[in-house]
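Single-structure report; data block below.
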Amino acid sequence: MRGKFITLEGMDGAGKSTHIPTIIAALESAGHRVVSTREPGGTSLGEHLREILLHEAMHPETEALLMFAARRQHIAEVIEPAMSEGAYVVSDRFSDASFAYQHGARGVDAGKILQLEAWVHPHLQPDLTILFDVPVEVSIARLANARRPDKFEQQDAEFFTRIRNAYLQRAAESPERFRVVDGNQPITLVEQSLLHIIADL
């Protein structure tokens, strides 16, 4: 029996990483084997590319191409093999992030992102995408108290606003796949929302 693919999306500081353990625990308690991974990254090659992508300046289209190069390896090496064995794959970001960051924030033409998506994973879309949504000012405030910021986390409020708007547009275009969670709630309420979403899945 083929497994399922769950992706977590949202601006930096929206709370994705905080709640991954809750999602994994809920799936495991339901009897599923879970593979947790992230983008960019997830493979040896992907982690090398992650360091470049998060810390080196580059043309926006170069950034998009490298993101999808890392993604192709991620699918081949981690996502597809795990799903074929019946595992549930939980990934911190996938292609929706490219629409939000490289298209929405950086201005890469949406058609080019769509072409890359169709090339890299024409037959693969998440079964469920959980979008953690917070106001821009909340995201920025959380990042101010975080570790040394990467090049995305150092951007201004306008950059984050474009990301948020692009994510919400993606969610509106694919309501059957997306579940939007208010990440500005107390942690216990966010966890309750996540448990309901996983139970429905």
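Residues in the sequence shown are numbered consecutively from 0, following numbering that gives the first Met the number 0.
For every residue, glycine included, the Cβ atom is placed at its ideal position computed from N, Cα and C.
So, for residue i: in the same chain, excluding its five sequence neighbours on each side, which residues have a beta-carbon less than 6 Å away from its beta-carbon?
i	result
residue 7	15, 91 and 129
residue 192	180
residue 103	161, 162 and 165
residue 119	67, 70 and 71
residue 44	72
residue 99	162, 165 and 166
residue 109	102
residue 40	46 and 49
For residue i, which residues of its own chain have a beta-carbon under 7 Å away from its beta-carbon, when the five flanking residues on both sides are left out?
i	result
residue 183	133, 134 and 137
residue 170	130, 177 and 179
residue 142	11, 12, 148 and 152
residue 189	14, 18, 180 and 182
residue 82	1, 2, 4 and 88
residue 33	23, 26, 27, 86, 87 and 89
residue 115	63 and 67
Would DSSP call residue i helix, strand or coil?
i	result
residue 91	strand
residue 8	strand
residue 199	helix
residue 37	strand
residue 131	strand
residue 178	strand
residue 107	coil
residue 167	helix
residue 18	helix
residue 13	coil
residue 57	coil
residue 147	coil
residue 86	coil
Would you kindly work out how many angstroms separate the C-alpha atoms of residue i and residue j, rounded to a whole number?
i	j	result
residue 84	residue 0	7 Å
residue 113	residue 158	21 Å
residue 196	residue 94	21 Å
residue 26	residue 125	16 Å
residue 31	residue 64	33 Å
residue 144	residue 50	21 Å
residue 174	residue 9	16 Å
residue 121	residue 29	30 Å
residue 36	residue 80	13 Å
Throw me the rounded Cβ distance for the residue i and residue j pair, which I believe falls under 8 Å.
i	j	result
residue 42	residue 76	5 Å
residue 150	residue 54	6 Å
residue 96	residue 172	No, residue 96 and residue 172 are not in contact; Cβ-Cβ is about 15 Å, not under 8 Å.
residue 123	residue 74	6 Å
residue 156	residue 139	6 Å
Can you give me the Cβ contacts of residue i inside the same chain, cut-off strictly under 8 Å, excluding the 5 residues immediately before and after it?
i	result
residue 200	3, 5, 126 and 127
residue 52	39, 62, 65, 66 and 69
Counting beta carbon pairs with one atom in the region 51-68 and one in the region 100-116, are three or more of them shorter than 8 Å?
Below 8 Å, enough C-beta pairs join the region 100-116 and the region 51-68 to call them touching: three or more.
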